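Structure first, commentary second.
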Amino acid sequence: MNATQSPSFWQLAWKPVLGLAILGSVVALAAASWTLLQDMGETTQAYVYYTVEPMDLPIVVTERGNLESQLETKVRCDVESSSYDRSSSNGTLIIFIVPNGSAVEKGDLLVELDSAAIRDRLDTEQLAFDKAVSQRIQAQATYDNQITENETNQAQAELKVELAKLQREMYLDPENGTFKLALEDIERQLDESKNQILESQAALELEKTDKSGIEALFKLGYRGKSDLEQSRFRFMQAEDKLASSMNRLSTYQATRQQLEDYEFRMQKLQLDGDVATAEQNLLQTKTSNEAQLAKAEAAKNEAEKTEEKQLERLEKLKVQLTLCKIFAPHDGMVVYARENSRYSSNTEIAEGVAVRQRQEIITLPDLSQMQVKTQIHEAVLDQIRAGLPVTVKIDAFPNRTYDGIVHSVAVVPTSSYYTSVKTYDCVIRIVERVENLKPGMTAVVDIHVERVQDVLSIPVQAVAQVKKDTWCYVHSDEGVERRLIKLGRSNDKFVHVLEGLSAGDRVILNTDAIFDDAEDGSNEISPEADAEPAPEIDLTEAASTTTAEASDDSKAVSATEPDRPKGKGKKRPNE
């Protein structure tokens, strides 16, 4: 099966890990060869062979990093420092703190800060708050009373308007109004006066006739002078009564004329003015009510705001008081914070030391959930993505491995003034709960990028690079043959051969033995040199076992697209 071709890993000649892996493999194989030769009792240089056959090639990226907690809480001082000066040590004193390195459980007291000043301010603010509450109650009562007073004043003003309108309506009513009744009364009096005039005229005529008859009788001597005088007196009374009736009629006529021409107009103007005045008083009352109510409402709102501010200050101080005791948010190990500042270097955290607001006091890592922070070289960055499975091994516990997963890969490289090599931060999370692991421990992570199935692979020490070409040495019936090969992906032990080899080919691992045999100066490996071949050691079975172990334990350190390593042995002449 062909694996996906990608830029050759062997081109990354700078990769020190690969060089160390090749060197280690060569040393191991050389040691094995020497042991076998010792057992054979031979001193002749031996060839170490590997038979090429299909195999599964796990592709992993191995890096080293340091342990840290997944959940690392920074415990800070949240108590306000009212007079903090950066050039001084003002702040809040630590009166208790758990020992550095202590294991704590969720809810344990970590730090207690001095709360005496806060308690004093709390007492003062409590008194101010009580006063604000009293003022707010008074302002509310004044506001409520003003509403009632406004309603009363407006009702009275509206009543006056209605009464004024009714007075005008009562006077101007054409059927039953005051003016109509007064006019009718005068008309009745005029009629009575006219009737009295008629009666007076009739009485005057009677008296006149009676007086004339008595005068005639008096002249004849039938009546006395007294009768004549009485007759004349009654006549004069009748004349006076008629005159009085005539005068009364004239008076009533003048009164009616006055009522119609003047009193009606004057009374109408007066009543209209009363209505207008009442309406203006109502409008003025409403305006005054609004002003008084707004004033009372402003006082009430001010009192409420004052109470709210005082309550806010009081609650803030209560919160500040509770913040003087800091409890563990979760289980973990206490690590004192160290602060470097321009005014004081390496500020120690201890009892009696003043800390300012937002200053870090303790770092509390959760030791049951750990992760590894490592760096990925830019050459293999495109192979690493979140979600890839990882095997984690801790140097302090070499016999234990942990399952992990790639959590994140940085998109920006880490900056360094000492090298131009770009690396990217990578976080590996251990997916199981752990024990006895501490932050800062060294860890090795194997990131399982891919597993190439059923491909031809050879050990990395069988590969030699000559200038821009990649070769290996194959044992055949005619002797040792140098063969040009094309490589694919690799891990730290094996490399995928894309072209140049077939299943069953036997490649030589210790190419130094070939160069040592060719030290006679010839440019070729003579076929006669194989007439008495050096002792052979076939490491196919051992290599297969090694590959299987690398596959099963996922311990192979690699880059996904390997570079071409340079041969460790001597170069042949003219190469």
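Residue numbers for the sequence shown follow the working numbering, so the first one is 279 and each next one is one higher.
Note that beta-carbon positions come from the ideal geometry of N, C-alpha and C, so glycine has one too.
The model shown is predicted, which means the values in this text are computed figures rather than measured ones.
In this structure, the straight-line span from the alpha carbon of ALA381 to that of LEU388 is close to 11 Å.
Under a 10 Å Cβ-count criterion, VAL689 is classified as exposed, with fewer than 16 other Cβ atoms of the shown protein chains found around its own Cβ. If you look at LEU371, you'll find it in the beta strand (DSSP E) that goes 370–375. Its Cα nearest to that of PRO676, the residue LEU715 stands out among ASN454, LEU715, SER694.
With contacts defined as CB atoms closer than 9 Å, ILE464 and ARG534 qualify as a contacting pair. Check the Cα spacing between ILE375 and each of ALA721, VAL613, GLN445, TYR696: the tightest is with VAL613. With contacts defined as CB atoms closer than 9 Å, GLU582 and ARG414 qualify as a contacting pair.
In this structure, LEU482 sits away from LEU444, with a CB-CB distance that is not shorter than 9 Å. Per DSSP, the beta-bridge partners of PHE675 are ILE672. The distance from the Cβ of VAL723 to that of THR340 is about 7 Å, consistent with a contact at the 8 Å cut-off. Taking 9 Å as the cut-off, the beta carbon of ALA740 is found closer than this to the beta carbon of TYR328.
Counting of Cβ neighbours within 10 angstroms places VAL684 among the buried residues, the total reaching 16 or more. Across the structure, ALA632 and MET611 are spaced so that their CA atoms are roughly 23 Å apart. Contact annotation: the segment 531–548 does not touch the segment 388–408, with fewer than three C-beta pairs closer than 8 Å. Judged by their CB atoms, SER509 and ILE492 are nearer to each other than the 9 Å cut-off. Just so you know, the alpha carbons of LEU560 and VAL411 end up roughly 36 Å apart. Ranked by how close their Cα comes to the Cα of PHE513, the residues GLU485, SER490, TYR530, GLY502 have GLU485 in first place.
Across the set GLY682, PHE407, SER393, the C-alpha of PHE407 shows the shortest separation from the C-alpha of GLU593.
In the three-state reduction of the DSSP assignment, TYR500 falls in the coil class. Within the model, the alpha-carbon separation for LYS671 versus GLN649 is close to 12 Å. Scanning GLN515, ARG767, ILE786, GLY369 for the CA closest to the CA of GLU759 turns up ILE786. Under the three-state reduction of DSSP output, THR701 falls in the strand class. Measuring C-alpha to C-alpha distances from ALA419 to each of LEU437, ALA615, GLU331, ALA574 identifies ALA574 as the nearest.
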